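Converting from the sequence shown to my numbering requires adding 453 to each position, the first position being numbered 1.
Here a beta-carbon is modelled for each residue, glycine too, at the ideal position from N, C-alpha and C.
Here the structure is a predicted model, which is why all the values come from computation and not from measurement.
The structure under discussion appears below in the form of structure tokens.
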Amino acid sequence: MNPIIERIKGGLVVSCQAYPGEPLRHPETMAQMAMAAEIGGAVAIRCQGLADIAAIKGQVKVPVIGIWKEGDDGVYITPTLRHARCCAAAGADIVAIDATRRPRPDGLTYAQTVEALHRDGVIVMADCGSFADAQQAVDAGTDIISTTLSGYTGEREKTDGPDFELLGQMVDAFPDVPVLCEGRIHTPDQLAEVMRRGAWAAVVGTAITHPTSITRWFAARLNG
454 MNPIIERIKG GLVVSCQAYP GEPLRHPETM AQMAMAAEIG GAVAIRCQGL ADIAAIKGQV
514 KVPVIGIWKE GDDGVYITPT LRHARCCAAA GADIVAIDAT RRPRPDGLTY AQTVEALHRD
574 GVIVMADCGS FADAQQAVDA GTDIISTTLS GYTGEREKTD GPDFELLGQM VDAFPDVPVL
634 CEGRIHTPDQ LAEVMRRGAW AAVVGTAITH PTSITRWFAA RLNG
């Protein structure tokens with residue numbers, strides 16, 4: 454197995470992303486956030502956009518998982534081969550791509566995209582929304598599979614917390630493929646539970662690096 458994948462085993466991956474129009478939406482700010490996460494024990498950083506990837510890669514020693522979001526609907530997480538190659542060129546150690554069975558904007562199949570990236574020497578992570586997506590990703594030889602898109606593609610209900618069911622299905626069916634749990638991990642206890650259930654590693658974003666959401670959680674308790 455690739456040593457970069459081995460490095461993240463059993464650890465916490467922190468996603469450092471800010472949405473368009475938000476105060477923290479700046480590569481230098483995201484790099485500072487990533488540095489703070491690394492000091493806190495993150496084994497890798499997941500980040501969005503070429504400028505953020507490059508800025509973060511220059512400041513941390515842990516692996517960087519890069520994505521490039523294009524829009525916010527349909528296939529939008531690193532939607533094409535070009536997007537994925539650009540993420541790798543910007544410095545991403547692992548490139549995460551949409552692994553759903555929906556048509557891709559460039560007309561390539563998921564398998565064709567993975568094959569081309571592997572020829573380039575890129576480690577590919579599959580952002581899956583269902584078990585069928587994970588099966589497609591494994592069949593294509595994807596290096597890492599993840600629950601990232603569970604609840605966002607219409608195939609599975611959006612769970613309150615991590616999708617433990619999908620995680621379990623993926624871990625049981627694909628024991629030789631690293632499975633990352635990502636999505637709605639909001640507490641240390643939830644993190645510990647996904648690891649207990651067999652996740653190779655887990656990705657936490659909002660609960661660590663999105664202060665607007667965290668503030669709203671606290672403020673909501675004051676409002677009953």
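Pair within 8 Å by beta-carbon distance, S599 and L570: no
Stretch-stretch touch, CB-based, cutoff 8 Å, three pairs: the region 461 to 469 with the region 494 to 501: yes
Have a look at R674 and T668 and give me their C-alpha separation to the nearest angstrom. 10 Å
Here's the rule I'm using: 16 or more other beta-carbon atoms within 10 Å means buried, otherwise exposed. How should M623 be labelled? buried
Measure the C-alpha to C-alpha separation of A655 and P641 and round it to an integer number of angstroms. 11 Å
Status (buried if at least 16 other CB within 10 Å, exposed otherwise) for I492: exposed
Since I believe V548 is in contact with V577 (beta carbons under 8 Å), could you give me their beta-carbon distance rounded to a whole number of angstroms? Contact flag correct, Cβ pair sits at about 6 Å.
When the Cβ atoms of the region 529 to 536 are set against those of the region 556 to 575, are three or more pairs found closer than 8 Å? yes
Taking buried to mean at least 16 other C-beta atoms within 10 Å of its own C-beta, is D525 buried or exposed? exposed
Give me, in chain order, the residues of the same chain whose beta-carbon lies closer than 8 Å to that of L620; leave out the 5 immediate sequence neighbours on both sides. Closer than 8 Å at the Cβ level, and outside the excluded window around L620, lie T600, V632, C634, V647, R650, G651 and A652.
Which value, in whole angstroms, describes the spacing of the CA atoms of V517 and A542? 12 Å
Between the alpha carbons of C581 and Q589, how many angstroms are there, rounded? 9 Å
State buried or exposed for G604, treating a residue as buried only when at least 16 other CB atoms are found within 10 Å of its CB. buried
Grouping DSSP H, G and I as helix and E and B as strand, with all else coil, what is E610? coil
CB of T553 within 8 Å of CB of D586, strictly: Using a Cβ distance threshold of 8 Å, T553 and D586 count as a contacting pair.
Interface flag, A508 vs chain C, CB-CB below 8 Å: Among the protein chains of the structure shown there is no chain C, as only one such chain exists.
Hey, I530 and I550: beta-carbon distance below 8 Å or not? yes
With a 10 Å radius around its C-beta and 16 neighbouring C-beta atoms as the bar for buried, classify W521 as buried or exposed. buried
Starting from S687, trace the beta strand (DSSP E) in both directions and tell me its first and last residue. Since the first residue of the chain shown is 454 and the last is 677, residue 687 is not available in this structure.
Assigned secondary structure, D505 (DSSP; H/G/I helix, E/B strand, else coil): helix
Bounding residues of the alpha helix (DSSP H) (the contiguous stretch that carries L620): Looking at the DSSP string, the run of the alpha helix (DSSP H) that includes L620 is F617 to A626.
With distances taken between CB atoms, is the gap from M486 to Q512 smaller than 8 Å? no
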